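Student: Before I ask anything, let me first share the structure, which is written out below as C-alpha coordinates.
In our numbering, the protein residues as written are 73 to 157.
Right under this line is the structure:
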(Lines of atoms letter the chains of each structure in order from A and count residues from 1; the text may use other names and numbers.)
(Lines give C-alpha, C1' and ligand atoms only; values in the text may rest on other atoms or scores of the structure.)
Protein backbone atom coordinates (compact mmCIF):
# COMPACT_ATOMS: atom_id res chain seq x y z
CA UNK A 1 0.00 0.00 0.00
CA UNK A 2 1.22 3.47 -0.82
CA UNK A 3 1.18 6.36 1.65
CA UNK A 4 1.88 10.02 1.16
CA UNK A 5 4.34 11.59 3.57
CA UNK A 6 4.85 15.21 4.50
CA UNK A 7 8.10 16.33 6.05
CA UNK A 8 7.88 19.88 7.34
CA UNK A 9 11.06 21.68 8.32
CA UNK A 10 10.96 24.87 10.34
CA UNK A 11 14.54 26.02 9.71
CA UNK A 12 16.90 26.26 6.77
CA UNK A 13 19.40 24.05 8.64
CA UNK A 14 16.82 21.26 8.92
CA UNK A 15 15.90 21.67 5.25
CA UNK A 16 19.53 21.45 4.18
CA UNK A 17 20.17 18.38 6.33
CA UNK A 18 17.09 16.43 5.21
CA UNK A 19 16.82 17.27 1.49
CA UNK A 20 19.85 15.28 0.22
CA UNK A 21 18.79 12.22 2.21
CA UNK A 22 15.29 12.29 0.74
CA UNK A 23 16.61 12.64 -2.80
CA UNK A 24 18.91 9.66 -2.27
CA UNK A 25 16.31 7.50 -0.48
CA UNK A 26 13.18 8.08 -2.58
CA UNK A 27 13.30 6.91 -6.19
CA UNK A 28 10.39 9.01 -7.36
CA UNK A 29 8.88 12.46 -7.39
CA UNK A 30 9.47 14.63 -4.33
CA UNK A 31 7.31 17.72 -4.10
CA UNK A 32 8.75 20.79 -2.44
CA UNK A 33 6.83 23.84 -1.30
CA UNK A 34 8.78 26.20 0.90
CA UNK A 35 10.34 24.05 3.60
CA UNK A 36 7.85 21.16 3.14
CA UNK A 37 8.56 17.95 1.24
CA UNK A 38 5.92 15.51 0.02
CA UNK A 39 6.31 12.09 -1.57
CA UNK A 40 4.41 8.87 -2.08
CA UNK A 41 6.20 5.78 -0.80
CA UNK A 42 5.42 2.16 0.04
CA UNK A 43 4.05 1.82 3.54
CA UNK A 44 6.72 -0.82 4.27
CA UNK A 45 9.45 1.76 3.57
CA UNK A 46 8.10 4.35 6.01
CA UNK A 47 10.02 3.15 9.08
CA UNK A 48 13.35 3.08 7.26
CA UNK A 49 12.72 6.54 5.82
CA UNK A 50 12.02 7.91 9.31
CA UNK A 51 15.27 6.36 10.57
CA UNK A 52 17.28 7.80 7.67
CA UNK A 53 15.80 11.30 8.13
CA UNK A 54 16.32 11.23 11.91
CA UNK A 55 19.94 10.08 11.52
CA UNK A 56 20.70 12.80 8.96
CA UNK A 57 19.17 15.47 11.16
CA UNK A 58 21.05 14.24 14.22
CA UNK A 59 24.39 14.20 12.34
CA UNK A 60 23.76 17.79 11.25
CA UNK A 61 22.93 18.89 14.79
CA UNK A 62 19.29 19.64 13.96
CA UNK A 63 16.97 19.50 16.97
CA UNK A 64 13.96 17.16 16.54
CA UNK A 65 11.61 20.10 17.16
CA UNK A 66 12.81 21.68 13.89
CA UNK A 67 11.08 19.12 11.66
CA UNK A 68 8.05 16.81 11.62
CA UNK A 69 7.32 13.67 9.63
CA UNK A 70 3.64 12.91 8.97
CA UNK A 71 1.62 10.56 6.81
CA UNK A 72 -1.47 11.67 4.97
CA UNK A 73 -4.32 9.21 4.97
CA UNK A 74 -5.82 8.44 1.57
CA UNK A 75 -9.31 9.80 1.06
CA UNK A 76 -11.87 7.05 0.78
CA UNK A 77 -14.05 7.08 -2.30
CA UNK A 78 -17.03 6.00 -0.21
CA UNK A 79 -16.64 7.52 3.25
CA UNK A 80 -18.48 5.83 6.10
CA UNK A 81 -21.83 7.43 6.80
CA UNK A 82 -22.17 9.02 3.36
CA UNK A 83 -25.05 7.75 1.29
CA UNK A 84 -25.26 8.27 -2.41
CA UNK A 85 -28.60 8.90 -4.13
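Glycine is no exception: its CB is placed at the ideal position from the N, C-alpha and C atoms.
Since the model is a prediction, treat every value here as computed from it, not as a measurement.
Residues in the same chain with beta-carbon distance under 6 Å from residue 85, minus the five sequence neighbours each way, listed in chain order, please.
Tutor: Around residue 85: 134.
Student: Please return the same chain residues whose Cβ sits closer than 6 Å to the Cβ of residue 107, not counting the five positions on each side in sequence.
Tutor: Hits under 6 Å: 81 and 87.
Student: Here's a check: name, in chain order, each residue in its chain whose Cβ is nearer than 6 Å to the Cβ of residue 75, leaving out the five neighbours to either side.
Tutor: Result list for residue 75: 115 and 143, in chain order.
Student: For residue 78 and residue 122, I'd like the C-alpha separation in whole angstroms.
Tutor: Taking the straight line from one Cα to the other gives about 11 Å.
Student: Would you mind sorting residue 93 into buried or exposed? The rule is 16 or more other CB atoms within 10 Å of its CB.
Tutor: Buried.
Student: What distance in whole Å lies between the Cβ atoms of residue 111 and residue 98, which are believed to be in contact at a cut-off of 8 Å?
Tutor: Confirmed, Cβ separation roughly 5 Å.
Student: In whole angstroms, give me the CA-to-CA distance for residue 132 and residue 139.
Tutor: Rounded to whole angstroms, residue 132 to residue 139 spans 13 Å at the Cα level.
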